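Residue numbers for the sequence shown follow the working numbering, beginning at 828 and rising by one.
We treat Cβ as the ideally placed atom computed from N, Cα and C, and that holds for glycine.
Keep in mind the model is a prediction, meaning the values are calculated, not measured.
Reviewing the structure listed below.
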Amino acid sequence: MIDRFRCSGEQRNGSTLQKASLTLANLEGAHVMTNEQPVVLLEHAQKSFGGTPVLKDISLKVQPGEVVAVIGPSGGGKSTLLRCMTLLETLDAGRLAYGDLVVAESDGAGAAAYAPKAVLKEAKTRFGLVFQNFNLFPHYSVLKNITDAPLHVQKRPKDEVLAAARGLLAKMGLEGKEDMVPCELSGGQQQRVAIARALALDPDVLFFDEPTSALDPELTKDVLKVIRDLAAENMTMVIVTHEMNFARDVADHIVFMDGGVIVEEGPAEQLINNPQHQRTQAFLAKFEGE
């Protein structure tokens, strides 16, 4: 049994659509993703907090196997974009779809109307989210952190889930850590557990919100290697990051956000090495020599 008090100190954390407007195929079975159909599609997204616009007419399309990096200064809207795409925040206006599943769509008044709970529940099975501060359950073992959702949410067979979890831990270089609790691990190890937990749900796309911002440089290398390996395996990913060299080398497409808008986007190497917009140039100049 796991002793929830083994480690002291604070653990680090973190209107309904008309039915005719929804496409909900095979809710009770597997869905099919074609190469032409984006894994996730966001169109004309708007979001404000307290009357202050944070997202201003943002559109983003992510194709199967594509790695999209989102860069930009703090306060530019990057994390809010991810929170809206992963249903942690609701859009004020715009359209959001995961493959054939429409999650939100602007109604006749221009406001975002969200699908019923059953559709939102299905949508949440299609993505995984890795937080910057891990957000592991502090009193769960490493293995239970990874297996809890597949067992109790997806209702998958226990033997299958355990085998997959152990395989993911081996892939993350965490063999022998199954029975530890998060506070017994380094920050880099915790983040790799968080990645394994997200992968255990077999999502169509993984979202990362500054996955290395809480880590020192040495631990950062281990986490970035894991993400590089996932990219090599054609895992679809959207990564908010401040690691410019990593973004250039791993991403297929880079989006530069500032002031709640997409200022510039394009192929990764082209945008990093030859940005066209003055704001992008000024931002990237701060990273020269790193």
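Beta carbon of residue i nearer than 8 Å to that of residue j
i: Val-1053; j: Leu-963; result: no
i: Met-1007; j: Val-969; result: yes
i: Glu-870; j: Arg-910; result: no
i: Gln-864; j: Gly-955; result: no
i: Gly-1000; j: Leu-1046; result: no
i: Asn-1061; j: Gly-877; result: no
i: Val-889; j: Ala-1078; result: no
i: Val-1050; j: Leu-1042; result: yes
Closest by C-alpha distance to residue i, when choosing among the options
i: Glu-1070; options: Ile-1099, Gly-1086, Pro-1094 and Ala-936; result: Ile-1099
i: Glu-1002; options: Ala-1023, Gly-926 and Val-929; result: Ala-1023
i: Arg-1075; options: Met-999, Lys-888 and Val-897; result: Val-897
i: Asp-975; options: Leu-1026, Leu-918, Val-1090 and Val-866; result: Leu-1026
i: Asp-1036; options: Val-1050, Phe-958, Thr-907 and Gly-877; result: Phe-958
i: Lys-883; options: Gly-892, Glu-863, Leu-868 and Leu-908; result: Leu-908
i: Val-867; options: Leu-989, Asn-1101 and Ala-931; result: Ala-931
i: Phe-1073; options: Lys-1048, Phe-1110 and Asn-1061; result: Lys-1048
i: Gly-904; options: Ala-872, Gln-890, Val-894 and Leu-928; result: Ala-872
i: Tyr-967; options: Val-929, Cys-1010, Leu-928 and Val-980; result: Cys-1010
i: Arg-1055; options: Ser-906, Ala-1109, Lys-998 and Ile-973; result: Lys-998
Integer-rounded CB distance, given that residue j should sit under 8 Å from residue i
i: Gln-1018; j: Pro-1038; result: 6 Å
i: Val-1088; j: Thr-1107; result: Between Thr-1107 and Val-1088 the Cβ distance is about 12 Å, and since that is not below 8 Å, they are no contact.
i: Val-946; j: Leu-928; result: 6 Å
Reduced DSSP secondary structure (H/G/I, E/B, other) of residue i
i: Val-894; result: strand
i: Ser-886; result: strand
i: Lys-874; result: strand
i: Pro-984; result: coil
i: Asp-927; result: coil
i: Ser-906; result: helix
i: Pro-1009; result: helix
i: Pro-938; result: The sequence given here has Ala at residue 938, not Pro. Coil, per DSSP.
i: Phe-1110; result: helix
i: Arg-1055; result: helix
i: Glu-1092; result: strand
i: Pro-977; result: helix
beta-carbon residue i near the ligand MG non-hydrogen atom, thresh 7 Å
i: Gly-902; result: The model on display carries no ligand, and the ligand MG is accordingly not part of it.
Exercise. Does the count of Cβ pairs from the stretch 1058-1073 and the stretch 986-1001 closer than 8 Å reach three?
Worked result: Touching, no.
Problem set entry | Three CB pairs or more closer than 8 Å across the stretch 966-986 and the stretch 925-944 | Short answer: they don't touch.
Exercise. Three or more C-beta pairs closer than 8 Å, one from the stretch 1076-1092 and one from the stretch 885-902: is that the case here?
Worked result: These segments touch.
Problem set entry | Segment contact, 8 Å Cβ cut-off, at least three pairs: the stretch 940-954 with the stretch 903-922 | Yes, they touch.
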